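S.K.: Below is the structure I would like to discuss, written out as structure tokens.
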Amino acid sequence: MKKYLIDFKIDDNIQLSSNYSLIKLSPCSGLLPEVEGGQFAQIEIPNSKETFLRRPISICFFDKKNNQLWLLVRKAGKGTESLINSISNTIVNMMLPLGNGFSYPTKPNAKVLLIGGGVGVAPLLYWGALLKAHGYDPLFLLAAKSENDLLLKDYFEEIGNVYVSTDDGSAGEKGLVIYNTILKDKTFDKYYCCGPMPMMKGIAKIAHTNSIDCEVSLENVMACGVGACLCCVEDTVDDGNVCVCKEGPVFNINRLKW
Ligand SMILES: Cc1cc2nc3c(=O)[nH]c(=O)nc-3n(C[C@H](O)[C@H](O)[C@H](O)COP(=O)(O)OP(=O)(O)OC[C@H]3O[C@@H](n4cnc5c(N)ncnc54)[C@H](O)[C@@H]3O)c2cc1C
Ligand code: FES
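Laid out in structure tokens, this is it:
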């Protein structure tokens, strides 16, 4: 898939809390290239001399009608903090679309569950919308430490039913997401998951036990984002170490040595 270097303008930076922003951007000129659900962008951090490497951020939503792209950003360090603090009309250069995307279920009426933890919900919004547009009826399980970290629930509810887990019980079921009641339903055909590594491994274990097909989106630390520096490798069953930025970030769990 062809990659582009494009200048975007921030149309809107919606501060969800002091740690999270939903940033809506449109290209300074021309139309957005096609994007698959689950792909990411390498973002040049505006107004920051300290963060010279681009930062990988998932494409949260691709609003074709308004020629707009959405990013959901969590403040992790200097780069993401600078993004969160960027005001409207700031110019942001992005390389995109990068990596692979999620794949559609093989069965036409497949029962699918999209499971997101914290900012890991980001790539699932657009993917959920695509699944719905292709005739599936996606369900969502959103997890967070507490209600304040529960992200974009209203947007997900526009696509399908949403189940919630919070560690402290401030919203939805109390406890780790892997104990959520919906995961006791063994009739799902496919899970799609993105979140912290222990959570994804827990979901993979449940999927293995119940013979549910499962794709996860990995967030290994990246530098180049295009398969040149080898700093993002993951060991696979079939092909040894592969670059997550190029062969991923989405992997079927059967490929991973988990
Ligand atoms: C494919 C992919 C998709 C991602 N999608 C999102 C997203 O949609 N929203 C979001 O908020 N975050 C996302 N991340 C994580 C995000 O890239 C990091 O939080 C960010 O790069 C940290 O940069 P920083 O300058 O703010 O922090 P730093 O000061 O550089 O580091 C702070 C913390 O972030 C970790 N980190 C640093 N660089 C990276 C890196 N290149 N990749 C992963 N972790 C890193 C460090 O280990 C450290 O724990 C994604 C990561 C990947 C690989
Ligand atoms: S980030 Fe450089 S090879 Fe993946």
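Take the sequence shown: its position 27, counted from the start at 1, is 509 in this note's numbering, and no numbers get skipped. We put the CB at the ideal spot given by N, CA and C, even for glycine. Owing to the predicted nature of the structure, the values given are computational and were not obtained by experimental measurement.
1. Please list, following the chain, all residues that have a C-beta closer than 7 angstroms to any non-hydrogen atom of ligand 2.
2. If you drop the 5 nearest sequence neighbours on each side, which residues of the same chain put their C-beta closer than 7 angstroms to that of methionine 682?
3. Output needed for glycine 709: all residues of its chain with C-beta closer than 7 angstroms, excluding positions within five of it in sequence on either side, in chain order.
4. State yes or no: is the C-beta of isoleucine 539 within less than 8 angstroms of the C-beta of leucine 553?
5. Between Asn643, Tyr661, Arg737 and Glu701, which has its C-alpha nearest valine 601's C-alpha?
6. May I ask you to check if the CB of glycine 684 is nearer than 7 angstroms to at least one heavy atom of ligand 1?
7. Between leucine 624 and leucine 607, how many whole angstroms is the CB-CB distance? I'm expecting something under 8 angstroms.
8. Between isoleucine 685 and isoleucine 660, is the Cβ-Cβ spacing less than 8 angstroms?
9. Would you report the Cα separation of valine 703 and cysteine 714, rounded to the nearest angstrom?
10. So within the region 519 to 574, which uninterrupted beta strand (DSSP E) runs reach at least 3 residues, ignoring any that extend past its ends?
11. Does the structure place the region 580 to 595 close enough to the region 527 to 536 that three or more beta carbon pairs sit under 8 angstroms?
12. Give the DSSP-derived three-state secondary structure of glycine 600 in the structure shown.
13. According to the Cβ coordinates, are glycine 599 and proline 509 closer than 8 angstroms?
M.R.: The short version:
1. This criterion selects Met704, Ala705, Cys706, Gly707, Val708, Gly709, Ala710, Cys711, Leu712, Cys713, Cys714, Cys725, Val726, Cys727 and Lys728.
2. Around methionine 682: Cys675 and Val698.
3. Answer for glycine 709: Cys725, Cys727 and Lys728, listed in chain order.
4. Judged by beta-carbon spacing, leucine 553 lies within the 8 angstroms limit of isoleucine 539, meaning their Cβ atoms are closer than that value.
5. Comparing alpha-carbon positions, the option among Asn643, Tyr661, Arg737 and Glu701 lying closest to valine 601 turns out to be Glu701.
6. No, ligand 1 has no heavy atom inside 7 angstroms of this Cβ.
7. Between leucine 624 and leucine 607, the beta carbon gap of about 11 angstroms keeps them out of contact (Cβ cut-off 8 angstroms).
8. Against a cut-off of 8 angstroms, the Cβ pair of isoleucine 660 and isoleucine 685 comes out as a contact.
9. Distance between the alpha carbons of valine 703 and cysteine 714: 6 angstroms.
10. Correct list: 522 to 525, 537 to 540, 543 to 545 and 550 to 556.
11. As far as the Cβ criterion goes, the region 527 to 536 does not touch the region 580 to 595, which means the pair count is below three.
12. DSSP, read as helix, strand or coil, puts glycine 600 in helix.
13. Not in contact: glycine 599 and proline 509 (Cβ atoms no closer than 8 angstroms).
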